[in-house]
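Report on one structure; see the data block that follows.
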Amino acid sequence: MEKRVKGVLDKLYDAYANDGEVRVQVASATPSVVMDEDCDDRLTLASEFDTYLEQEYSSVCSSEVDKYLNDLCERKDIPDFDVLLWWKNNSNKYPILSQLARDVLAMPVSTVASESAFSTGGRVLDPFRSSLSPSMVETLVCTQNWLLSTVPISLRQAMDKVEDLEREILENDASSEVPKN
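To convert, note that position 18 of the sequence shown is 18 in UniProt numbering; the numbers rise steadily by one, no gaps.
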């Protein structure tokens with residue numbers, strides 16, 4: 001099971017890493033420090049040791065996934081641990097994984113049984129059978145239709161159309177607000 005999960009995580013990571021739309025600036029794990037000549041030798045040795053450890057760690061771990069899996073775990077006794085906030089705070093350390101986590105963890109979760117609730121041939125959702133808002137039900141049904149569709153959806157084409165419509169609306173608004181003399 002562990003190998004299957006690691007394999008799926010590696011595939012997701014590779015998809016995000018190779019995606020042309022994912023633009024990530026990888027920051028150094030340790031900030032560079034300019035030292036004075038009068039600096040204590042212990043600080044210099046500590047800095048050199050930190051650099052050595054970082055290089056060793058980087059050579060052992062070939063990807064962010066390996067670095068993340070080899071990193072120390074968070075403490076379990078934090079009652080209000082926010083996983084999305086953790087990924088946001090660690091986005092410099094794991095830039096690609098943090099984007100992947102943001103996309104995966106931000107999906108709305110429903111407690112309604114999807115098989116029966118969203119079956120278009122069976123029962124119909126009403127306010128008594130679901131605590132979901134009508135817009136959420138519509139969103140989930142549309143998502144199901146898109147996922148089961150045989151025609152692939154091109155996000156880039158859809159976004160281009162939206163941008164063209166926005167540009168057209170802005171141009172129409174600008175032309176209708178011509179000052180009268």
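Note that CB positions come from ideal geometry on N, CA and C, so glycine has one too.
**Asked** Under the three-state reduction of DSSP, which class applies to Arg75: helix, strand or coil?
**Response** Here Arg75 sits in coil by DSSP.
**Request:** Identify whether Asp10 lies in helix, strand or coil by the three-state DSSP scheme.
**Result:** The three-state secondary structure of Asp10, taken from DSSP, is helix.
**Message:** My output table needs one value for Lys67: the three-state DSSP class, helix, strand or coil.
**Reply:** Three-state DSSP puts Lys67 in a helix.
**Residue nearest to Lys11 in terms of C-alpha spacing, selected from Ile96, Leu85, Asn90, Arg156** = It is Ile96 whose Cα lies nearest to the Cα of Lys11.
**Message:** Suppose the cutoff is 7 Å on Cβ atoms and the five residues either side in sequence are ignored; what does the same chain contact list for Ala101 look like?
**Reply:** Excluding residues within five positions, the ones whose Cβ falls inside 7 Å are Trp87.
**Asked** Does the separation of the CB atoms of Leu85 and Ala106 fall below 9 Å?
**Response** No.
**Item:** Distance, Asp103 Cα to Pro134 Cα
**Value:** Going by C-alpha positions, Pro134 is about 23 Å away from Asp103.
**Item:** Alpha-carbon to alpha-carbon, Asp82 and Lys76
**Value:** Lys76 and Asp82 have their C-alpha atoms roughly 12 Å apart.
**Message:** Can you give me the C-alpha to C-alpha distance between Met159 and Glu166, rounded to a whole angstrom?
**Reply:** A direct Cα-to-Cα measurement between Met159 and Glu166 gives close to 10 Å.
**Message:** Buried or exposed, going by whether 16 or more other CB atoms sit within 10 Å of the CB of Ser154?
**Reply:** Around the beta carbon of Ser154, a 10 Å sphere encloses fewer than 16 other beta carbons of the protein chains shown; the residue is thus reported as exposed.
**Request:** Could you have a look at Leu100 and say whether DSSP puts it in helix, strand or coil?
**Result:** Helix, per DSSP.
**Message:** For Glu74, count the other beta carbons within 10 Å of its own beta carbon; 16 or more makes it buried, fewer makes it exposed. Which is it?
**Reply:** So Glu74 ends up on the exposed side.
**Item:** Reference Asn18, options Val137, Ser63, Gln157, Ala174, closest by Cα
**Value:** Put simply, of Val137, Ser63, Gln157, Ala174 the residue whose alpha carbon is nearest the alpha carbon of Asn18 is Ser63.
**Cutoff 6 Å; reference Tyr13; Cβ partners in own chain excluding five residues on either side** = Around Tyr13: Val65.
**Request:** For the alpha helix (DSSP H) holding Thr143, just list the boundary residues, first then last.
**Result:** For Thr143, the enclosing alpha helix (DSSP H) stretches over residues 134-148.
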